[in-house]
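Just so you know, the protein sequences line up as chains A and B, in that order.
The letter at position 166 of the first sequence is residue 166 when you use this note's numbering, and the numbering goes up by one with no holes.
The letter at position 109 of the second sequence is residue 109 when you use this note's numbering, and the numbering goes up by one with no holes.
Number of protein chains: 2
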Amino acid sequence: MIKALVFDAYGTLYDVQSVAAEIEAAFPGHGDFITQVWRLKQLEYTWLRSMMGTYADFWPVTREALVYALDILGMSLEPERLESLVGAYNRLLPYPDSEACLAALGRYRRVVFSNGSPSMLAALIDRSALRPCLEAVISVDAARVFKPDPRAYALVEATLGAAPQDVVFVSSNGFDASGAKAFGFKVVHIERLPAASLRAEIAAATTIDPKTMYKALRVQRETMGFIPDIVISSLAELPAALERMA
Amino acid sequence: MIKALVFDAYGTLYDVQSVAAEIEAAFPGHGDFITQVWRLKQLEYTWLRSMMGTYADFWPVTREALVYALDILGMSLEPERLESLVGAYNRLLPYPDSEACLAALGRYRRVVFSNGSPSMLAALIDRSALRPCLEAVISVDAARVFKPDPRAYALVEATLGAAPQDVVFVSSNGFDASGAKAFGFKVVHIERLPAASLRAEIAAATTIDPKTMYKALRVQRETMGFIPDIVISSLAELPAALERMA
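Written as structure tokens, this is what we have:
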């Protein structure tokens, strides 16, 4: 029995790579490097801060990660420009299939559950056409710990009253799919880049660049166990996958 | 009052990059990529498993991370060869300055505190000349959680009876230096690659390769706060740094 569909936001409904154009405009020639290091450190700092018991919400964490990426290059920004560029995470583009997917699943309760702070998620979702499809937007902020800590995932039941085994959790982030499965959700992993495509990309590369390295680190299935129930390659395949699951 | 010196192992006393030759021999042309992805995922899985409450010791974590790196390339190994290659982490080379540094600090209690499992650390340390310098080798395994969880760092006091403020913690890993500082240790960060050198390396590169990307992600100071008390560029500088500190 599927009682709710829970979608991750960053990387699943919204394309984190869409910050690259803004970064490239601000730092010509460095858009790719900064984009990849920024995202990698952003996630890393959510994990480290959770473990250290030094939670800060996703806005300062995103800022710290951007400062890190710029600092590696010996660059920095005035505070106002820095805040403005951090805001690129509030201007991410939805994937082309996000709206149609959510719209096609009106028979289910649909929510977003994300690392983003409430204000970041409000800014992000209100810019796109996804809001009318969503019953709720749940931020980890209420638990003051990030995914994949089970105290974060527990907010879904606390908000929706749906037991984990009745929830289908949808994520493109391998670590999130693993964490959600370990927690007890049914899990659909959206693997937007098939393993064979990444292998071909690596085989064709003279030097493996930061963007390919990012893909190698972040958008493939994890090998920790906690296997997703279903792996599909786009949100467009989700309605059919749910019918098979039900 | 400095009552004990506590050294991280992987990346601080022992060079994790020293697995690259063994990897390159096993997978010609892929030594660098596998080495970097392996180490990056190894640390990532320590964090994720700690957060998820699904601890496994550092041996299976190291194996999972190697399987991940090979899988990205569409490669795999028979179980026996896989175990053998995971063992490369038990054959890491100490940095050239490790032994002299520990030997020169005989007036202090000296211990290793590491993510490694007890058997991995025994294998690693018994191969090198460091053992006679060490009073104890403390593994996070007793706490069943990895660094930077404070429950891991608490093992130092439980083992040595020295309060955190009387302990000098020495690490080349930015996340570990941050975690140790947040916990309450005095912290010396060994920044083997100065920021200016990495900037020059990036500026000179036509394409930023996986090894440079690794350096950008792992061997620079973090920007989460939790500033180390002292930053030096090699273990050789540690005795003088401790005199200044005392």
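Just so you know, even glycine gets a beta-carbon here, dropped at the ideal spot from N, CA and C.
Assuming residue i contacts residue j (C-beta within less than 8 Å), just tell me the rounded distance between them.
i        : j        : result
A:Asp85  : A:Leu77  : In the sequence as displayed, the identity of residue 85 of chain A is Leu instead of Asp. A:Leu85 to A:Leu77, Cβ: 6 Å. Contact.
B:Gly184 : B:Pro210 : Actually they do not touch by this definition, with Cβ atoms about 35 Å apart.
B:Leu5   : B:Val170 : 6 Å
A:Ile125 : A:Val140 : Actually they are not in contact, since the Cβ atoms of A:Ile125 and A:Val140 sit about 15 Å apart, beyond 8 Å.
A:Thr12  : A:Ile190 : 6 Å
B:Val168 : B:Leu242 : 7 Å
B:Phe113 : B:Met75  : In fact, because the Cβ distance is near 34 Å, the residues do not count as touching under 8 Å.
A:Gln36  : A:Met213 : 7 Å
A:Thr46  : B:Thr207 : That belief does not hold up - the Cβ atoms of A:Thr46 and B:Thr207 are roughly 29 Å apart, past 8 Å.
If you measure from the CB of residue i, is any heavy atom of the ligand FAD nearer than 6 Å?
i        : result
A:Asp149 : Among the components of this structure there are no ligands whatsoever, and the ligand FAD is therefore not found.
If you drop the 5 nearest sequence neighbours on each side, which residues of the same chain put their C-beta closer than 6 Å to that of residue i?
i        : result
A:Ala123 : Asn90
A:Phe226 : Ser178, Lys181 and Ala182
A:Arg39  : Val16
A:Ala236 : Asp97
B:Tyr14  : Leu92 and Pro94
A:Ala154 : none
B:Leu238 : Cys101
A:Glu22  : Ala88
A:Gly31  : Ala20, Ile23 and Glu24
B:Ser234 : Asp97
B:Ala142 : Leu155
Using the Cα positions of residue i and residue j, report the straight-line distance between them to the nearest angstrom.
i        : j        : result
B:Ile2   : A:Glu135 : 57 Å
A:Ala216 : A:Ile202 : 9 Å
A:Tyr55  : A:Arg49  : 5 Å
B:Glu24  : B:Ala200 : 26 Å
A:Ala196 : A:Val188 : 19 Å
B:Asp8   : A:Leu105 : 51 Å
A:Asp166 : A:Glu157 : 10 Å
B:Leu160 : A:Ala204 : 53 Å
A:Asn115 : A:Pro150 : 13 Å
B:Glu44  : B:Tyr68  : 12 Å
B:Asp71  : B:Glu80  : 17 Å
B:Ala276 : B:Ser117 : The displayed coordinates of chain B run from 1 to 246. Any statement about residue 276 of chain B would go beyond what the structure contains.
A:Met245 : A:Arg107 : 15 Å
A:Val111 : A:Leu198 : 30 Å
A:Gly269 : A:Glu83  : With chain A covering 1 to 246 only, the question about residue 269 of chain A has no answer from this structure.
Taking residue i as part of the beta strand (DSSP E), name the residues at either end of that continuous run.
i        : result
A:Ser139 : Ala136 to Ser139
A:Leu73  : Taken as a continuous stretch (DSSP letters only), A:Leu73 belongs to no beta strand (DSSP E), as it is neither H nor E.
B:Ile232 : Ile230 to Ile232
A:Ala4   : Ala4 to Phe7
A:Ser114 : Arg110 to Ser114
Can you list, in chain order, the residues of its chain with a C-beta nearer than 7 Å to that of residue i? Leave out the 5 residues immediately preceding and following it.
i        : result
B:Phe175 : Pro148 and Glu222
A:Met120 : Phe58, Trp59, Tyr89 and Asn90
B:Gln42  : Val61, Thr62 and Ala65
A:Met52  : none
B:Ser18  : Leu92 and Leu93
A:Pro228 : Ala177, Lys181, Val187, Val188 and His189
A:Phe33  : Pro210
A:Ala152 : Val140, Ala143, Val145 and Phe146
B:Pro194 : Ser233
Among the residues of its own chain, which have a CB less than 8 Å from the CB of residue i, if the five just before and after it don't count?
i        : result
A:Asp99  : Here the sequence assigns Glu to residue 99 of chain A, which means Asp is not the residue at that position. Cβ within range, chain order: Ser128, Ala129, Leu130 and Cys133.
A:Ile232 : Val188, His189, Ile190, Glu191, Leu238 and Ala241
A:Ser172 : Asp8, Gly11, Thr12, His189, Ile190, Glu191, Arg192 and Val219
B:Arg109 : Lys3, Ala4, Leu5, Glu135, Leu160 and Ala162
Kindly indicate the opening and closing residues of the alpha helix (DSSP H) around residue i.
i        : result
B:Val219 : Element bounds for B:Val219: n/a, residue is neither H nor E.
A:Leu85  : Pro79 to Val86
A:Arg244 : Leu238 to Met245
A:Ile23  : Ala20 to Ala26
B:Ala100 : Ser98 to Ala104
Which full runs of the alpha helix (DSSP H) of 4+ residues lie inside the segment 123-194 of chain B, going along the chain? 150-160 and 174-183
Run through the segment 39-66 of chain B for me and flag every whole beta strand (DSSP E) of 3 or more residues, listed as ranges in chain order. None, since the segment 39-66 of chain B contains no complete beta strand (DSSP E) of that length.
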